[in-house]
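Novice: I'd like to ask some things about the structure below.
Protein chains: 2
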Amino acid sequence: MTTSQLLQTNFRLSPEKAAEVALLFREDHLKKGDYFLRRGQTVRKLSFLRSGHLRGWAPAGDKDITQWIFTPDYFVADLNCLLFGLPARWNIQALDGCVLATLPEENYLRMSEAVPNWDLLEKEFLGRCFSTLEDRVFTFLSLSARERYEALQAWQPDLFDHVPLHYLASMLGMTAETLSRIRRVS
Amino acid sequence: MTTSQLLQTNFRLSPEKAAEVALLFREDHLKKGDYFLRRGQTVRKLSFLRSGHLRGWAPAGDKDITQWIFTPDYFVADLNCLLFGLPARWNIQALDGCVLATLPEENYLRMSEAVPNWDLLEKEFLGRCFSTLEDRVFTFLSLSARERYEALQAWQPDLFDHVPLHYLASMLGMTAETLSRIRRVS
DNA sequence: CGCACTTCTTGACATTTATCAAGGCGAAGT
DNA sequence: ACTTCGCCTTGATAAATGTCAAGAAGTGCG
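So the protein lines, in turn, are chains A and B.
Counting from 1 along the first sequence, just add 42 to a position and that's the residue number in our numbering.
Counting from 1 along the second sequence, just add 42 to a position and that's the residue number in our numbering.
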């Protein structure tokens with residue numbers, strides 16, 4: 043998808059406005075292992091992932107927890123950092139070569155000038171993010187490890203072709219061994 | 043807290059504006075067992091809970107899952123319903139007698155007229171909700187049942203005095219028996 | 001090619017958590 | 001006062017999941 047199309051999809055911009063706003067984006071490249079953002083940094087950029095995969099993670103005790111895998115055509119950001127200029131809560135790191143369309147900080151902060159109803163559109167965008175997270179919480183409350191795996195598999199089957207399984211296991215709230223055994227018998 | 047204070051806290055309204063907007067709220071009363079909202083309904087109201095407790099839940103398979111307990115001085119709403127006018131995803135039901143300050147639908151829909159930067163303020167509010175949910179997901183990824191219990195206990199100790207434990211167990215992603223055993227040895 | 005490294009799998013075993021069944025206890029209703 | 005009901009606990013047992021250790025397969029790199 044073009045940046046313009048992504049803006050139309052995610053923020054309900056008109057084609058004309060989307061084309062105009064797309065010019066405020068730059069193209070970023072990351073190599074495998076590079077960081078999009080590190081925990082504690084405050085870089086208020088909003089990106090769309092053109093290609094590649096990123097992993098959002100944070101340390102907890104003696105292990106690293108994968109909170110989210112970012113996939114092509116979706117947005118990438120630490121929302122806490124983006125919205126409030128607070129230190130990022132997650133490390134966001136490239137799992138392979140990534141190409142991003144990035145709205146840099148200075149442009150992000152002027153979006154409400156560039157788009158009259160930007161706050162409304164961003165609010166709606168956030169609302170959809172919130173719903174997605176609500177659903178995710180619900181899977182932890184109501185599903186077994188195997189069922190959570192099957193749900194992810196149904197929702198984003200291509201994840202399993204591109205992302206090391208132990209990261210997906212972490213994101214599903216189980217160990218790599220458990221995920222391996224679940225997959226063996228399915 | 044007064045409605046005006048709640049508006050100042052949750053939406054960063056100035057004292058003057060908050061007092062003005064507070065007049066758009068009405069007082070609602072619920073008896074134990076009454077529904078604030080039922081799954082599938084579309085009632086776009088935003089409330090603050092003055093007193094009492096509400097339980098947000100949904101059926102899953104053969105059991106009911108408690109997704110959230112609403113406590114005094116916080117807001118109450120099904121965000122998906124509120125923001126988008128979609129059918130509510132959660133049943134929200136009174137656990138005891140509740141008093142609410144409610145912004146009814148017709149006033150909610152005119153908030154961006156009543157408050158010039160309402161969308162911005164609501165966006166920020168949503169952003170904080172999102173962060174809270176992110177943290178909650180992280181507890182499922184990184185903590186054991188006992189640790190999740192201890193975290194909730196530390197965060198909202200009074201919950202355990204007012205809400206049946208089996209609902210809290212469900213919200214923590216464990217059975218009532220497990221919660222009971224955890225509490226015995228702590 | 002040979003080596004280091006990551007990923008994935010497997011087995012044996014330990015731990016956590018769920019399930020099922022029963023009983024106690026207190027509040028509410030008749 | 002008795003019954004009923006909701007809530008909580010407990011025990012016995014089963015099932016799910018984690019831990020630890022080992023090894024196989026693939027990949028990149030000297």
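C-beta atoms are modelled at their ideal positions from N, C-alpha and C, and glycine is treated no differently.
Quick caveat, the model's predicted, so the values are computed rather than measured.
Going along chain B in order, which residues have a C-beta closer than 7 Å to the C-beta of Cys171(A)?
Specialist: Phe172
Novice: Restricting to Cα atoms, I'd like to know which of Ala60(A), Leu201(A) and Leu96(A) is closest to Asp120(A).
Specialist: Leu96(A)
Novice: Mapping the DSSP letters down to three states, classify Gly75(A) as helix, strand or coil.
Specialist: Here Gly75(A) sits in coil by DSSP.
Novice: Quick one: what does DSSP say Lys105(B) is sitting in, helix, strand or coil?
Specialist: strand
Novice: Could you say if the region 142-151 of chain A and the region 214-224 of chain B meet the contact criterion of at least three C-beta pairs nearer than 8 Å?
Specialist: no
Novice: Who are the near neighbours of Ala61(A) in its chain, counting only those whose CB is closer than 7 Å to its CB and skipping five residues on each side?
Specialist: Ser46
Novice: Indicate whether at least one CB of chain A lies closer than 7 Å to the CB of Leu175(B).
Specialist: yes
Novice: Just the chain A side, please: which residues come within less than 7 Å of Lys165(B) by C-beta, in chain order?
Specialist: Asp161, Glu164, Lys165 and Leu168
Novice: Taking all protein chains shown into account, decide if Glu69(A) is buried (16 or more other Cβ within 10 angstroms of its Cβ) or exposed.
Specialist: exposed
Novice: Would you call Met213(A) buried or exposed, if buried means 16 or more other Cβ atoms sit within 10 Å of its Cβ?
Specialist: Buried is the call here.
Novice: Please decide whether Phe78(B) counts as near chain A, where near means a Cβ-Cβ distance under 7 Å.
Specialist: no
Novice: Taking a cut of 8 Å between CB atoms, which residues from the region 120-139 of chain B lie near chain A?
Specialist: For the region 120-139 of chain B, which is checked against every Cβ of chain A, the residues closer than 8 Å are Leu121, Asn122, Leu125, Phe126 and Arg131.
Novice: Does DSSP classify Ser154(A) as helix, strand or coil?
Specialist: helix
Novice: Apply the 10 Å Cβ neighbour rule to Leu65(B) and answer buried if 16 or more other Cβ atoms are within range, or exposed otherwise.
Specialist: exposed
Novice: Below 8 Å on C-beta distance, what does Val179(B) contact in chain A?
Specialist: Residues of chain A whose Cβ lies closer than 8 Å to the Cβ of Val179(B) are, in chain order, Gln109, Leu175, Arg178, Val179 and Phe182.
Novice: Sort Gln83(A), Gly169(A), Gln198(A) and Leu124(A) by Cα distance to Leu151(A) and report the nearest one.
Specialist: Leu124(A)
Novice: In whole angstroms, what separates the C-alpha of Arg188(A) from that of Ala211(A)?
Specialist: 11 Å
Novice: For Gly215(A), go through chain B and note every residue whose CB falls closer than 7 Å to its CB, in chain order.
Specialist: Phe182 and Leu183
Novice: Alpha carbon to alpha carbon, what distance is there between Gly98(A) and Ile111(A)?
Specialist: 6 Å
Novice: Assuming Thr84(B) contacts Leu128(B) (C-beta within less than 8 Å), just tell me the rounded distance between them.
Specialist: 7 Å
Novice: Leaving out five residues on either side along the sequence, give the residues of the same chain with a beta carbon under 8 Å from the beta carbon of Phe202(B).
Specialist: Gln195 and Leu210
Novice: Using the three-state DSSP reduction, which class does Thr45(B) fall into: helix, strand or coil?
Specialist: helix
Novice: For Gln83(B), report the span of its alpha helix (DSSP H) as first-last.
Specialist: Careful: Gln83(B) lies outside any alpha helix (DSSP H) and carries neither H nor E.
Novice: For Asp106(B), which residues from the same chain have a beta carbon less than 6 Å from its beta carbon, with the 5 sequence-adjacent residues on both sides left out?
Specialist: Trp99
Novice: On the three-state DSSP scale, how would you describe Arg97(B)?
Specialist: strand
Novice: Could you work out which residue in Gly75(B), Lys87(B) and Pro57(B) is closest to Phe67(B) when comparing CA atoms only?
Specialist: Of Gly75(B), Lys87(B) and Pro57(B), the residue nearest in Cα terms is Lys87(B).
Novice: Run down chain A in chain order and give the residues with a C-beta less than 9 Å from the C-beta of Ala218(B).
Specialist: What Ala218(B) touches in chain A: nothing, since even the nearest Cβ is about 14 Å away.
Novice: Considering only C-alpha positions, which residue in the set Leu163(A), Thr181(A), Met216(A) and Glu176(A) is nearest to Lys59(A)?
Specialist: Leu163(A)
Novice: Tell me which same chain residues have a C-beta within less than 8 Å of the C-beta of Pro57(B), skipping the five on either side of it?
Specialist: Within the same chain, Cβ atoms closer than 8 Å to the Cβ of Pro57(B) are found at Ser46 and Gln50, the five residues on either side in sequence being excluded.
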